[in-house]
Amino acid sequence: MYPLAEGLFAPRNQWYIAAWSHEVTRQPMERWIVNQPVAFYRTEDGEAVAVGGRCPHRHFPLGKSRVEGDHIECLYHGITFDRTGRCVKIPSQVHVPNVCRIPAYPLVEKWQWLWIWPGDPDKADPSLIPDHHVLGLTDPDYAAVGGPYYSVPGRYTLMHDNLLDLSHLGFLHRSTIASDGIAEAQEVRDEGPGWLRSARNMANVSCPPLIAKLLQHQGRVDRAFGMKWHLPALHAGFDHFHEVAPEFGTGRLIGGFRVYHAITPGKTNDAHYFFALARTFARDDVALGEAFINGLRATLDEDMFATREIEAMLGAHAQMPQEILLKGDTHCVRGRRMLEQMIRAEQAPGAG
Amino acid sequence: MYPLAEGLFAPRNQWYIAAWSHEVTRQPMERWIVNQPVAFYRTEDGEAVAVGGRCPHRHFPLGKSRVEGDHIECLYHGITFDRTGRCVKIPSQVHVPNVCRIPAYPLVEKWQWLWIWPGDPDKADPSLIPDHHVLGLTDPDYAAVGGPYYSVPGRYTLMHDNLLDLSHLGFLHRSTIASDGIAEAQEVRDEGPGWLRSARNMANVSCPPLIAKLLQHQGRVDRAFGMKWHLPALHAGFDHFHEVAPEFGTGRLIGGFRVYHAITPGKTNDAHYFFALARTFARDDVALGEAFINGLRATLDEDMFATREIEAMLGAHAQMPQEILLKGDTHCVRGRRMLEQMIRAEQAPGAG
Amino acid sequence: MYPLAEGLFAPRNQWYIAAWSHEVTRQPMERWIVNQPVAFYRTEDGEAVAVGGRCPHRHFPLGKSRVEGDHIECLYHGITFDRTGRCVKIPSQVHVPNVCRIPAYPLVEKWQWLWIWPGDPDKADPSLIPDHHVLGLTDPDYAAVGGPYYSVPGRYTLMHDNLLDLSHLGFLHRSTIASDGIAEAQEVRDEGPGWLRSARNMANVSCPPLIAKLLQHQGRVDRAFGMKWHLPALHAGFDHFHEVAPEFGTGRLIGGFRVYHAITPGKTNDAHYFFALARTFARDDVALGEAFINGLRATLDEDMFATREIEAMLGAHAQMPQEILLKGDTHCVRGRRMLEQMIRAEQAPGAG
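Residue numbers (this note's numbering), protein chains in the order written: chain X, 461 to 812; chain P, 461 to 812; chain B, 461 to 812.
So this is what it looks like as structure tokens:
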């Protein structure tokens, strides 16, 4: 499926962010993850649980059903499952057949996020989740603030295309967060197993006025800006301002940001988006953190608008229209190929 | 088509309830019956008529056209058909070709219902319609009240699945008409040509408080509860309360209800639902009858909700998801097989 | 595609009306023409431009982007095209590859209309556009008034079917512009290369009261009424009232109308409709012209209603339902065959 090869949608044996912690409560919630319906809830002890979202008896959505103790009970006929997906009650009969069960998805709560593994549970290794301390989310040098949840009105890959070509900042976000200096700076790209990184070092440049005011800094800066995609789920970026030094980036850190974009495939033509932001300065100013996030909503809305329009444009064509690839799409194309490899590896004989 | 075998939708050589009598007037009405557009109206003498709902000239819906005398006139170019489906006027030409005609559907008005035969008219035998006296609809021992019309937001078979597994009463209808005693009682099932029946006899049980008050009865009762599906159109049930007697059900009838659920296939993914209720007591109290029906609307809405959700769940899956069949589904599965037999019999060579 | 042969949609090497002049401004506008997205805008000099409406880089709609000078700039990444479709700027790189371009559509502004040629530009000959003086649009003997734009809720061919069988006037438009005399009059049809014409001459008939009042005429008239379809885009009609003369139509012209219906294929299941009206009398009375157009909106709404209903009826059938053709459909069928010939000629080997 565009922009991947025909027949390929998304890797399943991967960790994805399923929800904000606060979204999952004692009231079940339905969310489709990589084309599978999932029901989320919390046990009496507060542990978050993710199980298959469809009752295998009559297909009623368990995510629109009810929780009874630590179990989820189908609203239709009361068939009840425990957190491992095992059926524990069928009201209309005594015997509970083994075949009556639903998937249980590995779920890990870290920082304010719930990470889900929508594929083979036996392969789910929590150590594969990107290190939240290294990311800056749980590093006390940063104050990290979670943002809103967005239901993306288009296939998940359109959001990766968006994030892998930041030249859109000056255009789609012209009236919100446009930053001309970034587009002109030299982009350095590298990659490793399961990640892609882009960086722009801007030596001895002027500091954007808003940033200068926040950092209470006057004069020029060495600015380091970059983004690393931890495939397939999370893009983590930074934007650091240092005092100018003979060797770039070795001057004192005046202040900086980290930015997080998590994309999770939903149904075929939609996705989930989780945005967060961390900062090195004014870390105790809770109101400032909230104001930052809220101030970026207009920008995130612009990304949703572009995604909706492109999804509609693709849908309106009888045949998939041709696409021109530019130099700025190097990482975009590389990322697509890496996603395809992940999917194909799962489909290979014996990949199980 | 799920839950029937692939390619099978619904039997056509059968009587179905098409409408409440009061729905069909001199103003035409459109309703799809077993995937065919049908136009309903009344003649000057008040007789209800059902003809093909599509003008064969330019496909305009006759059910959104106009009645002229006893004929239906297409709103677009004025082509006019009589109640037998014969074209009687083409304004733009003198000659009316024989080929210009629409189907005419056998329609029988009984009690407050209009029964339609959407298949081969030559096979339509009104004596095949379930006996309305036996059903209790026209039996003076009962006061029967017609309910609302529901456009069902899902394929018709989901409603049969609903009605054939009453264990849902305690769950989907938990907050409205749940009745725990029924779920625990032994279910006795039997069947015959064109019908399936389920019965629960509850000997010497307490009478639900609301019923006891309505019946002005104190003390225990023999309660007989059951439902008979007259395939494919009508589920007719009863809930009778007798004085306790040594032999179950032979005590004096204190009072009871009859309940009617009619399901008619519409388009592929919708259906029509007609609900009625009869009672043995307070038969002259019109307001009471209306109040009963209105009080059940919340329950019927719950069935519509479940149907909509299941239809959506089925539609969201690229492949039909697997289904677990339980002991309580015995009649459900048996009913599906009987529907399939009816459809296959119509498709057999020489079945006409 | 019904009512044309399977696989045939619409001719592309033809002039169609794309928009009213006032619709195209410095703010880009998106409109699909013959299943292609088109972006319309005006240059700084006020010239109207039509280019491909999809950015070939990431499929964002250029018709929802922005104009910069005489160029159109994609809102997403700022890729910029000139009015010939040539890419003139890619912000993220210096080199602009030749392959990065969009279609440019020949566009001719005449009277209040913008005519577009959605096919091969090399074949676009403006002299093929029907002569606007002959049509009466720019003839000073007539006062021509443009009407509203309608987005047609059905395939474009349904509008041609509508216009080619005026027997619908007395039925669909029963309560608005029905005129029984016209339906009864003898219809004379003829055709030539690229056109079909229908005429009705009504000798020595009474003048409709409203017309008589407008024309300040008493007594009978020779009335000439007709419509000519300049395939595939425009139906141009007239309704002239002459003093009665021994030879029909040779008496003094008391007054008359011209009427224009332009139909343009949009996406597969929608279309565009432009209506205009001209009159010989009270030519300086601007308010009268506007009142005429506004008075006809209810009638045009009826045509949209019929088209929406028929499109829905066709879509609801699993198989295309059969159609009865009448004598009044002679031109309708002939027109379909002419459209099919146009499409097939474009698809022929070597047709370019």
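Idealized CB from N, CA, C, for every residue including glycine.
Source: prediction; values computed, not measured.
Where the beta strand (DSSP E) containing residue i begins and where it ends
i	result
residue 792 of chain B	Unbroken run through residue 792 of chain B is the alpha helix (DSSP H), 790-807; no beta strand (DSSP E).
residue 512 of chain B	508-512
residue 682 of chain P	681-690
residue 653 of chain P	From DSSP, residue 653 of chain P is part of no beta strand (DSSP E); its letter is neither H nor E.
residue 432 of chain P	For chain P, the structure presents residues 461 to 812; residue 432 of chain P sits outside this window and is missing.
residue 724 of chain P	713-725
residue 605 of chain P	603-612
residue 737 of chain B	731-739
residue 498 of chain P	496-502
residue 697 of chain X	694-703
residue 533 of chain X	531-533
residue 574 of chain B	573-576
Counted within 10 angstroms of its Cβ, other Cβ atoms place residue i as buried (16 or more) or exposed
i	result
residue 507 of chain B	exposed
residue 789 of chain B	buried
residue 762 of chain X	buried
residue 690 of chain X	buried
residue 521 of chain P	buried
residue 670 of chain X	exposed
residue 633 of chain X	buried
residue 511 of chain P	buried
residue 586 of chain B	exposed
residue 525 of chain B	buried
residue 710 of chain B	exposed
residue 779 of chain P	exposed
residue 746 of chain X	exposed
residue 474 of chain X	buried
residue 621 of chain P	buried
Nonlocal neighbours in the same chain, by C-beta distance under 6 angstroms from residue i, ignoring five residues either side
i	result
residue 687 of chain B	658, 695, 697
residue 758 of chain X	636
residue 572 of chain P	480, 481, 606
residue 492 of chain P	726, 727
residue 719 of chain X	697, 737
residue 540 of chain X	531, 533, 548, 549
residue 615 of chain X	729
residue 647 of chain X	658, 660
residue 426 of chain P	Here chain P comprises residues numbered 461 to 812, so residue 426 of chain P is not present and cannot be evaluated.
Residues of its chain near residue i, where Cβ-Cβ distance is below 7 angstroms and the 5 sequence neighbours each way are ignored
i	result
residue 468 of chain B	461, 800, 803
DSSP three-state assignment for residue i, whether helix, strand or coil
i	result
residue 783 of chain B	coil
residue 482 of chain B	helix
residue 490 of chain P	strand
residue 659 of chain X	strand
residue 747 of chain B	helix
residue 752 of chain X	helix
Start and end residues, alpha helix (DSSP H) containing residue i
i	result
residue 518 of chain P	Looking at the DSSP string, residue 518 of chain P is not in any alpha helix (DSSP H), and its letter there is neither H nor E.
residue 669 of chain B	669-675
residue 621 of chain P	616-623
residue 595 of chain P	592-595
Interface flag, residue i vs chain X, CB-CB below 8 angstroms
i	result
residue 645 of chain P	no
residue 551 of chain B	yes
residue 773 of chain P	yes
residue 783 of chain P	yes
Test: residue i CB closer than 8 angstroms to a CB of chain P
i	result
residue 627 of chain B	yes
residue 769 of chain B	yes
residue 411 of chain X	Residue 411 of chain X cannot be examined here, being either before or after the span of chain X that is shown, 461 to 812.
residue 614 of chain B	no
residue 464 of chain B	no
Close-in-space but distant-in-sequence residues of the same chain around residue i (CB under 8 angstroms, 5 per side omitted)
i	result
residue 645 of chain P	660, 661, 662, 685
residue 750 of chain X	605
residue 782 of chain B	none
Neighbour flag for residue i against chain B, beta carbons, 8 angstroms
i	result
residue 586 of chain X	no
residue 761 of chain X	no
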